[in-house]
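Each step along the sequence shown adds one to the number in the working numbering, with nothing skipped, and position 54 is 111. Since the structure comes first, as structure tokens, the remarks are kept for the end.
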Amino acid sequence: QAYEHHGGGALVLPFWRENRVLPLACQSRSAVESAGVLVSEDGGVSWEPRGAVTAPGTHLIEPSVVQINSGCLLMVFRTSVGSLYKASSCDLGHTWDLPSPMGVKNPDAKVH
Numbered sequence: 058q059a060y061e062h063h064g065g066g067a068l069v070l071p072f073w074r075e076n077r078v079l080p081l082a083c084q085s086r087s088a089v090e091s092a093g094v095l096v097s098e099d100g101g102v103s104w105e106p107r108g109a110v111t112a113p114g115t116h117l118i119e120p121s122v123v124q125i126n127s128g129c130l131l132m133v134f135r136t137s138v139g140s141l142y143k144a145s146s147c148d149l150g151h152t153w154d155l156p157s158p159m160g161v162k163n164p165d166a167k168v169h
């Protein structure tokens, strides 16, 4: 679900790349499985992918993203290691800090 980023009016939508679920013919050997956000600064006419967030030893899929009080983005991920992970960006998704466990148990299930 897209939301409007306060402080500029950009639309922000989380996404992830997951090669292993694609048929072999569609898989890209150069595409790294990762997550990020799609950002539109023209009301949804065009979208720019930002970020390639990865974590060793787990996938980061089906993210949810919110804007926190500081204006930064906080993204929460489903993983395969039994807990939710998080990462944040303070430049509208251009760069992200290293993802880390949140201390919230999760059996590899989607969260909102």
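Glycine residues also receive a C-beta, built at the ideal position from the N, C-alpha and C atoms.
Ranking 129, 112, 137 by CA distance to the CA of residue 148 puts 129 first. Note on residue 109: under 16 other CB atoms within 10 angstroms of its CB, so exposed under the neighbour-count rule. Of the candidates 137, 161, 90, 122, 122 places its Cα closest to the Cα of residue 169. By the Cβ neighbour-count rule, residue 118 is buried, with 16 or more other Cβ atoms within 10 Å of its own.
C-alpha of residue 95 to C-alpha of residue 165: approximately 23 Å in a straight line. Here the C-alpha atom of residue 134 lies approximately 6 Å from the C-alpha atom of residue 143. Distances from the CA of residue 159 to each of 153, 146, 131, 152 were compared; the closest alpha carbon is that of 131. Residue pairing of residue 132 in beta bridges, as defined by DSSP: 122, 144. By DSSP's assignment, residue 158 forms a beta bridge with 142. Counting along the chain, no beta strand (DSSP E) covers residue 164, and no H or E run does either. Straight-line measurement puts the Cα of residue 139 at about 12 Å from the Cα of residue 114.
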